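**Q**
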Amino acid sequence: MAELEVVCDCGHRFNVPGSLRGGMSNCPSCGKAADVPGGPEKLFWLVLGFWILLAMVVLVPSAGYLFYTGHTLGGWGVVVFGCLLVIAIVLSM
Amino acid sequence: MSDYIDHDQYYIRKKLIKVLGSSFHIYDSEDNLILFSSQKAFKLKEDIRVFSDESMSSERLVVKARSIIDFGAAYDVVDSESGEKLGAFRRKGLKSILKDTWELLDNDDNPVGKLQEDSGCLALVRRFSSGLLSMIPQSFFLEIDGKRAVTYSQRFNPVIFKMDVNLEKGSRELLDPRLALAGAILLVAVEGRQA
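So the protein lines, in turn, are chains B and E.
Here the first sequence is numbered in the numbering used here, starting from 1 and rising by one per residue.
Here the second sequence is numbered in the numbering used here, starting from 1001 and rising by one per residue.
Pasting the structure below:
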């Protein structure tokens, strides 16, 4: 895994193994732990964002259709949205 | 270095009934409170702050997750007083499905030890049974170079979660006792939540 550059609060720059992404590493100059940039958060937000987008794409037209036709099936929309949200959370764990 | 690590025996008491979040107390062998931690609920990224007492004025240790995703996550352990990173624990996600397993990592992320549940059979019984059998207390061992350094034993108590932490003789030569306590904190905070 490629090395990452870390900038400590004391101003010293040093490289750490890529496996420390999102974690902490001791600065060779001052000895204190410095934050290593990065982390897999992007993947988490990407998956969550995808599922929320999908939920909106499914729900908004269906809610509009139900409202327009006067159907009283709005409760199903809540159920579908809830299911999609649960799936999103489970997939993101 | 703090005096809270001068002991060889500790026990952790976790409040089971708390509306939001969780908290636990760590006592020495003479029942003196030496560490306290309280976690907020709904935090995306685990960041456990451990204080010397309930006033939470003096921070001792920080155990911080590297990622939001909990499966196979690594947790860095930092001494708050010196600001120095002591090491890290990485949860072995797949192995932990059947038997809770963690790796102890040095500052460069090289594995130096293994923290795992006592017995594979008991681990399976705890996971796939119901009623009294699922309440069989868990025990964990932290091994460095194949030598047992720390034993974590949960006491049988369905109402209050209590865990004993015993540093074996000579374990201080193998690992920093603050890491032994950090392992216990992770078992209580992370494994306890999953249970």
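By construction, the Cβ of each residue, glycine as well, lies at the ideal position given by its N, Cα and C atoms.
The structure displayed is predicted, hence computed values, not measured ones.
Just checking: is the beta-carbon of Gly-1083/E within a distance shorter than 8 Å of some beta-carbon in chain B?
**A** Chain B contact via Cβ: present.
**Q** Between which two residues does the alpha helix (DSSP H) holding Leu-1094/E run?
**A** No alpha helix (DSSP H) contains Leu-1094/E, which DSSP labels as neither H nor E.
**Q** Would you call the stretch 16-28 of chain B in contact with the stretch 1063-1072 of chain E, where contact means no fewer than 3 C-beta pairs closer than 8 Å?
**A** Yes: the two stretches touch, three or more of their Cβ pairs being nearer than 8 Å.
**Q** Return no unless some Cβ of chain E is closer than 8 Å to the Cβ of Gly-82/B.
**A** No - not a single Cβ of chain E is within 8 Å of the one on Gly-82/B.
**Q** Taking Cβ-Cβ distances shorter than 7 Å, what residues in chain E pair up with Ala-2/B?
**A** Residues of chain E passing the Cβ test: none, with the nearest at roughly 14 Å.
**Q** Quick test of the definition: if touching needs 3 or more C-beta pairs under 8 Å, does the stretch 24-34 of chain B touch the stretch 1075-1088 of chain E?
**A** Verdict: yes, contact present.
**Q** Compute the beta-carbon to beta-carbon distance between Val-60/B and Val-36/B, rounded to the nearest angstrom, for a pair I have assumed lies under 8 Å.
**A** Actually they are not in contact, since the Cβ atoms of Val-60/B and Val-36/B sit about 40 Å apart, beyond 8 Å.
**Q** Mind listing, in chain order, the continuous beta strand (DSSP E) runs of no fewer than 3 residues lying wholly within the stretch 10-54 of chain B?
**A** With a minimum length of 3 residues, the continuous beta strand (DSSP E) runs that stay inside the stretch 10-54 of chain B are 13-16, 24-26 and 33-35.
**Q** For Phe-50/B and chain E, any beta-carbon pair shorter than 8 Å?
**A** No, Phe-50/B lies away from the interface with chain E (no Cβ there is under 8 Å from its Cβ).
**Q** When you compare only the Cα positions, how much space is there between Ser-1058/E and Phe-1051/E?
**A** Approximately 5 Å between the Cα atoms of the pair.
**Q** Determine, for Ala-1180/E, whether the minimum Cβ-Cβ distance to residues of chain B falls below 8 Å.
**A** By this cut-off, Ala-1180/E is not an interface position.
**Q** Which same chain residues end up closer than 6 Å to Ala-1123/E when comparing Cβ atoms and leaving out the 5 residues on each side of it in sequence?
**A** Closer than 6 Å at the Cβ level, and outside the excluded window around Ala-1123/E, lie Lys-1099 and Glu-1117.
**Q** Measure the alpha-carbon distance for Ser-942/E versus Thr-69/B and round it to whole angstroms.
**A** A query on residue 942/E cannot be resolved here, the shown segment of chain E reaching from 1001 to 1195 and no further.
**Q** Is the shortest distance between the beta-carbon of Asn-95/B and the beta-carbons of chain E less than 8 Å?
**A** Limits of chain B in this structure are 1 at one end and 93 at the other, which puts residue 95/B out of reach.
**Q** Applying the 10 Å Cβ sphere with the 16-neighbour rule, what's the burial state of Asp-1053/E?
**A** Result: exposed.
**Q** Name, please, each residue of chain B whose Cβ falls closer than 9 Å to the Cβ of Asn-1166/E.
**A** Those do not exist, as Asn-1166/E stays about 28 Å from chain B at its closest Cβ, beyond 9 Å.
**Q** Check whether the Cβ atoms of Asn-1107/E and Asn-26/B sit closer than 8 Å, and answer yes or no.
**A** The answer is yes: Cβ separation under 8 Å.
**Q** By Cβ distance below 7 Å, which residues in the same chain neighbour Ala-1073/E in space, the five residues on each side in sequence not counted?
**A** The answer, listed in chain order, is Ala-1065, Arg-1066, Ser-1067 and Arg-1091.
**Q** Would you mind working out which of Leu-84/B, Pro-28/B and Val-79/B sits nearest Leu-48/B, comparing C-alpha positions?
**A** Ranking the options by Cα distance to Leu-48/B, first place goes to Leu-84/B.
**Q** Considering Leu-1104/E, what are the terminal residues of the alpha helix (DSSP H) in which it resides?
**A** Taken as a continuous stretch (DSSP letters only), Leu-1104/E belongs to no alpha helix (DSSP H), being part of the beta strand (DSSP E) at 1101-1105.
**Q** Can you pull the chain E neighbours of Pro-17/B, defined as C-beta to C-beta under 8 Å?
**A** Neighbours of Pro-17/B on chain E, chain order: Asp-1108 and Asp-1109.
**Q** For Ile-1097/E, go through chain B and note every residue whose CB falls closer than 9 Å to its CB, in chain order.
**A** Those within 9 Å of Ile-1097/E in chain B number zero; the least Cβ separation is about 13 Å.
**Q** Nearest by alpha-carbon distance to Trp-51/B: which of Cys-10/B, Ile-87/B, Gly-11/B and His-12/B is it?
**A** The option with the nearest alpha carbon to Trp-51/B is Ile-87/B.
**Q** Find out if the Cβ-Cβ distance for the pair Arg-1148/E, Phe-1140/E is shorter than 8 Å.
**A** Against a cut-off of 8 Å, the Cβ pair of Phe-1140/E and Arg-1148/E comes out as no contact.
**Q** Name the chain B residues whose beta carbon is nearer than 9 Å to that of Lys-1064/E?
**A** Near Lys-1064/E (Cβ distances below 9 Å), the residues of chain B are Gly-23 and Met-24.
**Q** Check the DSSP bridge columns for Met-1163/E and list the partner residues they point to.
**A** DSSP lists Ile-1012/E and Gln-1154/E as partners of Met-1163/E.
**Q** Would you tell me roughly how many angstroms separate the C-alpha atoms of Ala-55/B and Ile-1012/E, rounded to the nearest one?
**A** Distance between the alpha carbons of Ala-55/B and Ile-1012/E: 43 Å.
**Q** Thinking Gln-1154/E and Pro-1177/E are a contact (beta carbons under 8 Å), I'd like their distance in whole angstroms, please.
**A** That pair is no contact at about 20 Å.
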